[in-house]
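Per the numbering used here: the sequence shown = residues 10 to 260.
Glycine residues also receive a C-beta, built at the ideal position from the N, C-alpha and C atoms.
From a predicted model like this one, the values you see are computed outputs, not experimental measurements.
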Amino acid sequence: GREVASMLFIGANALVPGEVDVDAVLRNPHVESSALAFAKAPLHVVPREQKSICVLQSEAATVPWTAEVCLGSQDATTCVIAIIVCQLGCTVLHFDEGTMEETDYLERALRMADGGADLFLVGGYNDERGTSAEIVQSLLSWFHEQKQRFTLSLACLLSHNTRITDISGRQVPLPVVSGVCITAGERAVRPARFEDRGPMIRERSCRCMASGGTTADLFDAAACEFTVEPWVFSLEARMRKVFFSMRSQHP
């Protein structure tokens, strides 16, 4: 038969070659029903005592199922969290405007995906600036261009992840779901909040504020342990004051 150029699938059907029509993807009955069910699912609170990794912006983690770790991310507003589920394990990335431009960060999604992978995308809402829509368009297009086969199993994005809230008489769009997790035992993706986002949270958070900040992996597969590698960065004068005030308040 004729070789299929596209490697982004919904169910058994490949998307047509060329630029991804995001509106058409979100209108797909399978995508719509799974997104609405996910948005209504109860929030799972990952307890502090559970072995877990919470990925921040500019961070990534690829973890084999044998590590038995609860893996995920949270605090996504205009950002998009990607969970790539493979036979041997899964990868979690937290995409923003900056990391969408970094090839090295994007290619972390291809780890363990040579035999195909299920793709779960959560976050991004109909914000007034349209930032989420740009990230979603870029992200779906990038996966669409890869030679590996990705099956879009969840796209809780944009219209499917937007609620309207009245704030001082003004109708303001906000995200419905901003955090997600997956466990090795269940291998099910759920809306989530982590009680503990891991060690060095303030230093890791500053990576997002840093000019010329770098991306980082949080899991050392060889040692099977959480890791925070040192990095070189600089902060603007205003952010230096914020950082050092946090350090003095929380030694």
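Decide if isoleucine 176 is buried, meaning its Cβ has at least 16 other Cβ atoms within 10 Å, or exposed. exposed
Just the C-alpha distance for cysteine 99 and valine 34, rounded to the nearest angstrom, thanks. 23 Å
Please check the pair leucine 166 and valine 89, which I expect to be a contact at CB under 8 Å, by giving their CB distance rounded to whole angstroms. 7 Å
Straight-line Cα distance separating proline 56 from threonine 86: 22 Å
Secondary structure, beta strand (DSSP E): runs of 3+ residues fully inside the stretch 142 to 169: 159 to 167
Quick one: grab the DSSP three-state call for arginine 199. strand
Can you tell me where the alpha helix (DSSP H) with glutamate 41 in it begins and where it stops? 38 to 49
May I ask you to report which of helix, strand or coil DSSP gives arginine 120? coil
Which of helix, strand or coil does DSSP assign to valine 185? coil
Cutoff 6 Å; reference valine 185; Cβ partners in own chain excluding five residues on either side: Ala48, Asn170 and Arg172
Taking the alpha-carbon of glutamate 201 as reference, which of Gly132, Arg216 and Leu227 has the nearest alpha-carbon? According to the sequence as given, residue 201 is alanine; it is not glutamate. The shortest Cα separation from alanine 201 among Gly132, Arg216 and Leu227 belongs to Gly132.
Per-residue DSSP class, three states only, for alanine 33: helix
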